Amino acid sequence: MQNEPSNNLIFTFLEEAKTAFVGLDASLRLIYANPASEQLLSQSKQRLYAQSLYSLAEQFHFSPVSIANLLHEQASFTENEVTLFIDGQSLLIDLSASYVSVKSDCYIILEMRCIEQQKRISQVHYQEHQQKAAQELVRGLAHEIKNPLGGLRGAAQLLEAELPDPELKEFTQIIIEQADRLSALVNRLLGPQKLGTKGIHNIHSVLETVRKLVCLDLPKNITIHIDYDPSIPDFEMQPDQLQQAFLNIIQNAVQALQNQPEEHRITVRTRAANQITINGLPQRLATEIKIIDTGPGIPEHLKSTLFYPMVTGRKDGTGLGLSIAQELIKQHHGRIEFSSCKGKTEFSVYLPI
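Per our numbering, residue 40 is the first one in the sequence shown, and the count goes up by one each step.
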């Protein structure tokens, strides 16, 4: 390129690098960008060469101060987990900057290594481990509660049969009713224990059933938009279980939006996904189902424990909906993940075909 330094030997070996490298001259103008940086920053060399460090920092929202100081310090530094905002999406990188001098010329070399995928995989593994531990704990407690509940209910029934005054049976009925209510809650805590019989079904039939159920009692400020890919083939599933999973996810979105004063939309989108990895196993073909809402977003303090049982952001919530949905999707060898910010929350479900 015309703006590249005349003595560009230090940049030659960076052309084939998988990591993004950018070169700055002494006036902090961009004079070099390798192909990996064009891909990472979603810009051509021509556009990048027209920028300075400060315009680049403003565009991608990172601090240029430490980088600019390297001209005086003649040193290097690394900053981990820097968030860049590219095309409206956040991207996590490790950013390194080094001062390089060649004869009378000096440069700053920026290395940007994308760690988004590694970070996501690490978080998924950590969260799965924590969720499994939490689920085992809750299920253990649920079993401990369920056993004496059966004895309590049986004792109330025996007592009721022996009571001489029929009016006193009102109190034993209260005991029986409350024992049944607690037993139902414990069963929900235990979650789905066994997947039903699978068969070949269409994912859109499942989603349409869920949509119709939700629309029966949909608040006026919410609309549901569908965007289906008709090319997705039928595949093996247990439709009732998947209906429950998607119903839990969409109802969560409805409950987050129903008290908002603005108009909101929930979008249900399906796409075919090729050559992806689900739970560590490569899949030639999978179904990607996205449920996207335009609500206020998930509070930060809930994000790391969102799929844990009994975790909820609502006063009247049980915190079981997403936990059960995740378990049902796992039983279909699938994966569920989410991203959330103000104005957009997106749940993505991947099911192997």
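Quick reminder that beta carbons are idealized off the backbone N, C-alpha and C, glycines included.
As the structure is a prediction and not an experimental result, all values here were calculated from the model.
Candidates the options: closest to residue i by CA position
i, options, result
"Ala292", "Asp279, Ser102, Glu385", "Glu385"
"Phe101", "Ser379, Leu80, Leu191", "Leu80"
"Asp321", "His372, Leu198, Ile331", "It is Pro, not Asp, that sits at residue 321 in the sequence shown. The shortest C-alpha separation from Pro321 is found at His372."
"Ile125", "Ser143, Val141, Ala96, Thr117", "Ala96"
"Ile402", "Asn119, Lys342, Ile288, Gly360", "Only positions 40 to 392 of the chain appear in the structure, and residue 402 is not among them; the question remains open."
"Val104", "Ala136, Ile239, Ile261, Gln85", "Ala136"
"Val139", "Ile106, Asn119, Arg152", "Ile106"
"Tyr363", "Ser379, Ser83, Leu345", "At residue 363 the sequence reads Ile, which differs from the Tyr that was named. The shortest C-alpha separation from Ile363 is found at Leu345."
"Gln370", "Thr248, Val388, Asp64", "Val388"
"Leu367", "Phe285, Lys251, Asn119", "Phe285"
"Gly189", "Ile328, Thr117, Asn226, Gln85", "Asn226"
"Glu118", "Leu359, Asn73, Glu150, Leu110", "Glu150"
Alpha helix (DSSP H) segment containing residue i, residue limits
i, result
"Thr236", "Premise fails: Thr236 is in no alpha helix (DSSP H) and is neither H nor E."
"Phe285", "278-296"
"Glu339", "339-342"
Through-space distance from residue j to residue i, alpha-carbon basis
i, j, result
"Ser129", "Leu123", "6 Å"
"Glu155", "Ile132", "7 Å"
"Lys383", "Ile147", "37 Å"
"Gly121", "Gln217", "In the sequence as displayed, the identity of residue 121 is Val instead of Gly. About 53 Å."
"Ala194", "Leu207", "15 Å"
"Val61", "Glu112", "19 Å"
"Ile375", "Glu54", "37 Å"
"Asp144", "Lys158", "37 Å"
"Ile184", "Asp219", "12 Å"
"Leu180", "Asn186", "10 Å"
"Ile305", "Phe99", "29 Å"
"Met40", "Arg152", "With a pLDDT of only 42 at Met40, under 50, the local geometry of the prediction cannot be trusted, and the value read off the model is given with reservation. Approximately 24 Å, taken between the alpha carbons."
"Leu324", "Ser343", "29 Å"
"Gln297", "Glu339", "20 Å"
"Phe116", "Leu63", "15 Å"
"Lys381", "Gln196", "52 Å"
"Gln290", "Ile265", "16 Å"
"Glu199", "Leu257", "43 Å"
"Glu201", "Thr211", "11 Å"
"Tyr347", "Leu87", "44 Å"
"Ser379", "Glu302", "19 Å"
"Lys84", "Ile328", "36 Å"
"Val249", "Glu209", "40 Å"
"Gln82", "Ala114", "28 Å"
"Pro205", "Gln365", "47 Å"
"Phe377", "Leu361", "11 Å"
"Cys254", "Ile239", "26 Å"
"Lys142", "Glu77", "28 Å"
"Asn42", "Ala72", "Reliability fails at Asn42, whose pLDDT of 48 lies under 50, so the model's placement of it is uncertain and no value is given."
"Thr262", "Ala223", "32 Å"
Span of the beta strand (DSSP E) around residue i
i, result
"Pro321", "320-332"
"Asp144", "144-153"
"Ser91", "Ser91 -> no beta strand (DSSP E), and no H or E assigned at all."
"Lys383", "383-391"
"Gln370", "Premise fails: Gln370 lies in the alpha helix (DSSP H), 360-370, not in any beta strand (DSSP E)."
"Asn241", "Careful: Asn241 lies outside any beta strand (DSSP E) and carries neither H nor E."
"His111", "Here His111 belongs to no beta strand (DSSP E); instead the alpha helix (DSSP H) covers 104-112."
"Ser115", "115-125"
"Gln134", "In the sequence under discussion, the amino acid at residue 134 is Leu, which differs from the Gln named in the question. Residues 128-141."
"Ser76", "Looking at the DSSP string, Ser76 is not in any beta strand (DSSP E); the run it does join, the alpha helix (DSSP H), is 74-80."
"Leu63", "59-63"
"Asn260", "Segment: none, Asn260 is in no beta strand (DSSP E) and carries neither H nor E."
"Glu376", "374-380"
Near the ligand ZN: residue i beta-carbon under 8 Å from a heavy atom
i, result
"Leu80", "Ligands displayed in this structure: none; no statement on the ligand ZN is therefore possible."
Inter-residue CB distance, residue i and residue j (contact presumed, cutoff 8 Å)
i, j, result
"Leu191", "Ile214", "7 Å"
"Ala75", "Thr51", "In fact, because the Cβ distance is near 15 Å, the residues do not count as touching under 8 Å."
"Asn260", "Gln294", "Rounded, the Cβ-Cβ distance is 13 Å, inconsistent with contact."
"Leu221", "Thr326", "Leu221 to Thr326, Cβ: 38 Å. No contact."
"Met276", "Lys251", "Going by Cβ atoms, the distance from Met276 to Lys251 rounds to 18 Å, so no, they are not a contact pair."
query: If we count Cβ pairs, one from each stretch, closer than 8 Å, do we get three or more for the region 85-94 versus the region 65-72?
result: yes
field: Cβ contact (3+ pairs, closer than 8 Å) linking the region 269-281 and the region 335-345
entry: no
message: Whether or not the region 311-319 and the region 278-287 are in contact is what I'm after, with contact meaning three or more pairs of Cβ atoms, one per stretch, closer than 8 Å; do they touch?
response: no
Sufficient close CB pairs (3 or more, under 8 Å) joining the region 295-309 to the region 243-254: yes
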